[in-house]
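Participant: Attaching a single structure in structure tokens format; questions to follow.
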Amino acid sequence: MKNILHFIKGNLAVGLLLFALFLGAGNIIFPPLLGQQAGENITVAMIGFLITGVGLPLLAIVAVAKAGGDLQLLANRVSPAFGVIFTSIVYLAIGPFFAVPRTGSVSYEIGIAPFLPEAMKGHWAPLLITSILFFALILYLSINPSKLVDRVGKILTPALLLVILLLAVKSFISPMGEPGEAAGKYISSPFAEGFVQGYLTMDVLSALVFGIVILQALRDMGMTDKKKQINTTIFAGVVAAIGLSFVYISLGHIGNTSITAIGASANGGDIIAKSAEVLFGSLGSIILSATILLACISTAVGLLTANAQYFHKLFPKISYKTFLIVFTIISAAITNVGLSTIISASLPVLLIIYPLAMVLMVLSLADHFFKGGQIVYILALIPTFLVSLYGGLKEMKVEIAPYENMLKALPLYEQNLGWLLPAIVGAFIGIMIHKLTNNASAK
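Written out as structure tokens, the structure is:
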């Protein structure tokens, strides 16, 4: 028992670090929107959300930990070329091109803009100044990754949990009202809609990337034993999963009880902002701003650190600090195009790569059942890509009627899960071919 308690105490900061890295702006904005729109179906919808927002990321952490913290090693099981291309796309998508600029934009729009004079809210200068200051802080926190556990796991995370706890406790003690009626897809398919909303948080992609950050932090702490690294990383994943579940359920409850007090809204940020004001008055806006800023800072630090570490490993002649500075400048520049533009540009890419990442992760966890057969990965990922690619094209208003009519025959296509059955069938065929080939060669 003492050994278990010692292990927990010694590695809790690492778990809090991983939790803070996960909890970005999108994670705070999506649950309140789900809570309000799901209405009386919130329990079923939240279960779906927790599967993809918590369960799958935890599995991804386990998969990456067992692969030595390297997403490219997982992707190499398809082919070395796929490993480099897919891993680079994932890192850039949740790094300097989309997710990191989103943290800067959300920090401004929810954490800074509400406190500006009306005359300045539409001007470009405040966003520019905020992005410069925000990313200067991110660069300072990220420049020495060996101090991430101390700076984020021991300082930012407890502060972040405190402000979320204030909102959550107040919403349970003094609920704003009763749940409204379910709306949209939450009426007929609340589980499927919650499932999709969960994976749009990008947490599975983040989990595949954060593994390298956690393992590097453990190495910097002097932990060299690979088994201990894997066990500690998995423990960190469990801590992060518990923290995320608490946050999602709490914020979902806030949204679910908000409609009477603030009315219906299609914007999760608007829901949480108005709810904070109802719960705490003018103090609520300050609490919310602190929450958003802390969440965005910790996530941006993790994502930029992971990107710089990965590309330094890919191109060792270019230093970690050089990559970090370049990615920070790119992120700051893209931040200034505005949140709506960033989200609309990122969604097609996410719709394409997210299913591929999930299928790759699940196969890697089941790898021992088919002894790492490359054909299994290939035949599962090709049909997944053919379905998810069209999802991304359709989001960009590129429609191919004959192809779409064929895809519509797939189960769960309307719920953006049409890739699921083709992936399963492809994996099954791959396993059969792999076994037949092995049996033939054994003879």
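Under numbering that gives the first Met the number 0, the first residue of the sequence shown is numbered 0, with each subsequent residue one higher.
Note that the Cβ used here is the ideal one computed from N, Cα and C, for glycine as well.
Classify L362: buried if its beta carbon has 16 or more other beta carbons within 10 angstroms, exposed otherwise.
Facilitator: buried
Participant: Kindly provide the ranges of any alpha helix (DSSP H) runs that are 4 or more residues long and lie completely inside the region 226-291, ordered along the chain.
Facilitator: 258-261 and 267-279
Participant: Taking the alpha helix (DSSP H) that E117 belongs to, which residues open and close that run?
Facilitator: That residue, E117, is in no alpha helix (DSSP H); it is neither H nor E in DSSP.
Participant: Within 10 Å of its beta-carbon, does V100 have 16 or more other beta-carbons around it, so buried, or fewer, so exposed?
Facilitator: According to the sequence displayed, residue 100 carries Pro and not Val. So P100 counts as buried.
Participant: For the candidate residues S170, I93 and G236, whose alpha-carbon lies nearest to that of L11?
Facilitator: Nearest Cα to L11 within the set S170, I93 and G236: G236.
Participant: Could you give the residue range of the alpha helix (DSSP H) that holds P56?
Facilitator: L55 to K65
Participant: By Cβ distance below 7 Å, which residues in the same chain neighbour K184 in space, the five residues on each side in sequence not counted?
Facilitator: E192
Participant: Confirm, please, whether the CB-CB distance from I351 to G390 is below 8 Å.
Facilitator: yes
Participant: Kindly give me the distance between the Cβ atoms of P31 and G267, rounded to whole angstroms, as I take these residues to be in contact under 8 Å.
Facilitator: 5 Å
Participant: Please tell me whether L22 and L243 are closer than 8 Å, where the distance is taken between their beta carbons.
Facilitator: yes
Participant: Counting pairs of beta carbons, one from the region 227-241 and one from the region 87-102, are three or more of them closer than 8 Å?
Facilitator: Using a Cβ-Cβ distance cut-off of 8 Å, the region 227-241 and the region 87-102 are not in contact, since fewer than three pairs of beta carbons, one from each stretch, lie closer than that value.
Participant: Below 8 Å between beta carbons: does that hold for L411 and P421?
Facilitator: When the beta-carbon positions are compared, L411 and P421 stay at least 8 Å from each other.
Participant: Starting from F194, trace the alpha helix (DSSP H) in both directions and tell me its first and last residue.
Facilitator: P189 to Y198
Participant: Which value, in whole angstroms, describes the spacing of the CA atoms of D69 and G210?
Facilitator: 7 Å
Participant: Taking the alpha carbon of F133 as the point to measure from, which residue in A294, G179, L16 and L55 has its own alpha carbon closest?
Facilitator: It is A294 whose Cα lies nearest to the Cα of F133.
Participant: DSSP three-state label for G38, please.
Facilitator: helix
Participant: Report the three-state DSSP secondary structure of M45 (helix, strand or coil).
Facilitator: helix
Participant: Can you tell which of P95, F279, T200 and S264 has the C-alpha that lies nearest to the C-alpha of I172?
Facilitator: F279
Participant: What is the rounded straight-line gap between the Cα of D269 and the Cα of M431?
Facilitator: 51 Å
Participant: Examine the Cβ distances between the region 319-336 and the region 92-112 and report whether three or more of them are shorter than 8 Å.
Facilitator: yes
Participant: Please report the Cβ distance between M119 and P113, rounded to the nearest whole angstrom; I am assuming they are in contact, meaning their Cβ atoms lie under 8 Å.
Facilitator: With 8 Å as the limit, M119 and P113 do not qualify as a contact, their Cβ atoms being about 12 Å apart.
Participant: Measure how close the beta-carbons of T304 and S141 come, nearest whole angstrom, since I'm counting them as under 8 Å.
Facilitator: 5 Å
Participant: Look at the Cβ atom of E398, then the Cβ atom of P347, and state whether they are nearer than 8 Å.
Facilitator: no
Participant: Give the DSSP-derived three-state secondary structure of K393 in the structure shown.
Facilitator: helix
Participant: In chain order, what residues of the same chain lie with their CB nearer than 6 Å to the CB of T334, ignoring the 5 residues before and after it?
Facilitator: P100, G103, S104 and S130
Participant: So is I84 buried or exposed if we call it buried at 16+ other beta carbons inside 10 Å?
Facilitator: exposed
Participant: At the level of alpha carbons, what is the spacing between N404 and L419?
Facilitator: 17 Å
Participant: Assuming T259 contacts E180 under a Cβ cut-off of 8 Å, what Cβ separation, rounded to an integer in Å, is found between them?
Facilitator: With a Cβ gap of about 12 Å, T259 and E180 do not count as contacting.
Participant: If you draw a straight line from the alpha carbon of G425 to that of S249, how long is it in whole angstroms?
Facilitator: 39 Å
Participant: Return helix, strand or coil for V77, following the three-state DSSP convention.
Facilitator: coil
Participant: With distances taken from CA atoms, which of L136, D366, G429 and F29 is nearest L72?
Facilitator: D366
Participant: Nearest by alpha-carbon distance to A240: which of Q35, M45, G34 and V53 is it?
Facilitator: V53
Participant: Residues in its own chain within less than 8 Å of Y247 by CB, not counting five upstream and five downstream?
Facilitator: Taken in chain order, the residues that qualify are N26, P30, M45, F48, L49, G52 and V53.
Participant: I need the DSSP call for D202, collapsed to helix, strand or coil.
Facilitator: helix
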